[in-house]
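Remarks on the structure that follows.
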Amino acid sequence: MRALALALALLLAPSDVHASGNGTSATGGNASPSSTSDASSTGTSSPSRRDLLKFDARSGLRPWVDPTTPNDKQVYVSSRGGKWDLVMSDEFGIPNRTFKPGEDHLWATVEKPDGVNGALELYSHDMAEVVCDKSDDGNSICYLSMKTIDEVNEITVYNEYTRPPSFQNVTFFYRAAMLQTWNKFCYQGGMIEMRVQLPGAVSKESGNPDYGKSPNARTTANDFYPTWPGLWLMGNLGRAIFSASTQRMWPFSYNQCDERVFPSYNQRISACNPNPGHGLNPFQGRGAPEIDILEGGGVGISSSIQIGPGFPPKYRRPDANLSIDIGYPTCFYSQDCKTPGANLPNVPTEFYAQRKHQTWYAGLRYTGNNFCEPDRNQTQSFAAIAASLKSGIKENRCTAATCPASNDVLSDLGFIDGNASLGHWGVNEKGTCFTTLNGYQGVFLCDPDSQNPLCLSPRNDSTAPTKTMAQFDYQMDAVSGNWPIHNAAYTSFLIYQLEWVTGDEGYIRWMLHGHPIFEIPAESILNVGQDETKSNVMRTFPEEPMYVILNVAVSQNWASHPPNAAAGLPCRGDGKDPVANRICDSFPMYMKIDYIRLYQDTATMAIGCDPATHPTRQWILDHIDEYTDDVNVHIDVNGGARCRTSKDCTIPWSKNLQFQTGFCNSRSVCECSNAYWGGPRCTFQLQLSSSSGEESAYGPPLSVAMVVAGVAFVATMLVVIVFARKRRAQQAARVEREEKNRLRKDADDVYAEKMPLTGADYEELETSKSSGHNPISYL
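Under the numbering used here, the residue at position 254 of the sequence shown is numbered 236, and the numbers go up by one with no gaps.
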């Protein structure tokens, strides 16, 4: 009896003990936490949580896996032959599922103007939902539907890049959707797969010249695909389109401290800092690199990584000399530059040989989209290309007779995956659609006060500094391949895949239906050209915990854009152009996603947004205003995963541990039994904390709860009662703090109509307008 009383006392006491994972399974063995056991958490504007311990469900289902994923899709064999397990999937099978903050366990939509890349759209919560159609056999076919409409909205923004900073009215002509798993689900390494249909004007009524052609025919009618869809990843320390969170954070993948090579003031979390605070590791450089699985529309797709800091000028392709290429700074997109070396890195050979060091990245791997219909005129011979490279490229441009089909003369030309039957990387031996080196290779980023001559608009001496943000002036690199697409991308579903392996021996590989398209070996990023003084930066191959982003953008700057975008007009303009009218009549347009699945080698890869190796939680809590606003709050959702029975929604049982942490409700989604168990399947033991990060464990540590099952159940109920008052008091204090912050903010805002978009959001929009850079171009 004394032991029972002691156990009950321990269970009722607040505890800072972190559970160790020594539970037992339903079969009587050890109930080990799943491979997601790195403590992950989400910062919220309400009390945040820290997950103390994570289990698979009693049924054996992993926390983030959709139970309707087919049995034959539970394991994936990687391009290197490894067997990787399914660790996350979303089959989008629940009708009318929506994604406003607080509604979904995995995704959240964004309600915000897009302020990057000359965007013409607002993102709205109501533009994404799960839709179910009837197939010919009467069965339901469900998918995530992301809608884009033409609709004019005028927004007042505060632009910190004007001199002086000022309010501006900006017109957005479209509304679209963006979904993020930011601070909910992140991963480090794995193969992510998405089955997607891209948006376009593809009906007979649209007049699209591609209509009626073979699904394998090359897409040609660029204007009829006016949106810019994206499937991409970003490091959790930066939240996409919340630019206050990405300043001096995006797209860093840099863990060096060398002021001679790269001034540390540019990187917000620098390896030079012995005491960064905010739960971060000392002497560790951090950032938010980007991996684009797919972005672009029209006739081609871009797949890339974006990392920083980028190469200094002496290791880059030179800019066009505008006294030679008069008024044509972007001539490199079509290889029309007359300035020597300005079209492509390392072309012509003699010009670049004078540098005595390597230019750009070497050893990248390009191949073809073999689902396209071949074109005999584009067929190449490896022997001829090898001979041409050996003798040197004489012209100031590449042709199919002189260069690899990729236009990258330093690319890998070995056998694909070491298999001679697959042909050579970089050589178009089948005459198919082929991936090429992207002409866009990054941009130089600056704060408004910078006088660095590499800035697009450096401040002159006669202009007073605005002092609106911290100092920065640095180059970022886009390592990117463009690949032509075939009609099926817009008329049916294609499977896009990305393998990402971290570390010095890692790689990132883009695939279509299992066939390689483009690959970046880690060696290409780590072993870069150096002069005698070793003045080039040494980056880290991307290893940050990354979250998933799905969006459809619309811009005037890209090769694929709506009618009348360049003129700054709504889609139909004056309404007199019949082609424009037919394209615009095709709105709404939809990107449809059938499923998303992620596979990992669970021994070497991880999921979680706050791993000990790369913590993010406390930083986000301490800078929460940079990541959220009044209409984009971050709300943890306990439960919500799809389920078959209640065994999918509770921790494993044993003879010593038999209490239910959740159940499968009437909508076939998990619902948690109390506040101390959460996660998508109610199998994560939670520790609640305030938005300031101060922690207090309310629930019983699992190791103690196992002393006696009956006592554990009763004690859990008592904990709810005993600590309900404490929790209410903490919530009341939080509300009071938020109200004070709101009043202080209101006092600072001169204009009540000021929108969430700030100058920070506007930074890249201004950069894009000034540079005329087009991230992907098929001319």
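Here a beta-carbon is modelled for each residue, glycine too, at the ideal position from N, C-alpha and C.
If you're wondering where the values come from, they're calculated on a predicted model, not measured in any experiment.
Of the residues assessed, valine 59 falls on the exposed side of the cut-off, its CB having fewer than 16 other CB atoms within 10 angstroms. Take the alpha-carbon of phenylalanine 81 and the one of asparagine 165: they are about 15 Å apart. Here leucine 494 carries a strand assignment [DSSP, helix/strand/coil].
Annotated as proximal: aspartate 431 and threonine 448, with beta-carbon spacing under 8 Å. Assignment of beta-bridge partners to isoleucine 273 by DSSP yields Leu215 and Ile287.
Cβ-Cβ separation between asparagine 533 and alanine 302: approximately 32 Å, too far for a contact (criterion under 8 Å). Between threonine 610 and proline 147, the CB-CB gap reaches or exceeds 8 Å. Glutamine 600: member of the alpha helix (DSSP H) spanning 599 to 604, first to last residue. With a cut-off of 8 Å on Cβ pairs, the region 276 to 296 is in contact with the region 449 to 469, counting three or more such pairs. As DSSP reads the structure, methionine 571 sits in a beta bridge with Thr130. Between arginine 554 and leucine 68, the C-beta spacing is not below 8 Å. From the listed residues Arg624, Glu526 and Ile602, the smallest Cα separation to valine 615 is found for Ile602. Going by DSSP, alanine 535 is part of the beta strand (DSSP E) stretching over 528 to 535. When the Cα atoms are used, asparagine 328 and serine 316 turn out to be separated by approximately 16 Å. About 7 Å separates the Cβ atoms of isoleucine 467 and asparagine 351, confirming a contact at the 8 Å cut-off. At least 8 Å separates the beta-carbon of threonine 586 from that of leucine 219. In the DSSP assignment, serine 370 falls within the unbroken alpha helix (DSSP H) covering 364 to 373.
Leucine 508: member of the alpha helix (DSSP H) spanning 504 to 508, first to last residue. One Cα belongs to tyrosine 297, the other to phenylalanine 426, and the distance between them is close to 14 Å. When the beta-carbon positions are compared, isoleucine 490 and leucine 476 stay at least 8 Å from each other.
For leucine 68, DSSP records a beta bridge to Tyr581. Rounded to the nearest angstrom, the Cβ distance from isoleucine 531 to methionine 70 is 15 Å, too far for a contact under 8 Å. Rounded to the nearest angstrom, the gap between the Cα atoms of isoleucine 398 and glycine 171 is 22 Å. In this model, aspartate 192 and isoleucine 565 are separated by some 13 Å (Cα to Cα). The region 340 to 360 makes contact with the region 502 to 517, as at least three CB pairs between them are under 8 Å. Beta bridge pairing from DSSP links asparagine 263 with no other residue. In the DSSP assignment, the residues bridged to serine 148 are Asn141. Per the Cβ contact rule, the region 539 to 555 is not in contact with the region 249 to 264 (fewer than 3 Cβ pairs under 8 Å).
Residues His406 and Val409 of the same chain have their beta carbon placed closer than 6 Å to that of phenylalanine 364, with the five preceding and five following residues left out of the count. Straight-line spacing of the CA atoms in isoleucine 306 and glycine 323 works out to 13 Å. Boundaries for phenylalanine 641: no beta strand (DSSP E) harbours it, and the DSSP string shows neither H nor E there.
A buried status is given to glycine 278, since no fewer than 16 other beta-carbon atoms sit within 10 Å of its beta-carbon.
Taking the Cα positions, lysine 376 is about 46 Å away from tyrosine 572. Judged by beta-carbon spacing, alanine 183 lies beyond the 8 Å limit of glycine 217, meaning their Cβ atoms are not closer than that value. Nearest in C-alpha terms to arginine 268, of all of Gln229, Lys116, Trp210 and Pro356, is Gln229.
Note on geometry: alpha-carbon atoms of aspartate 486 and valine 519 lie some 16 Å from one another.
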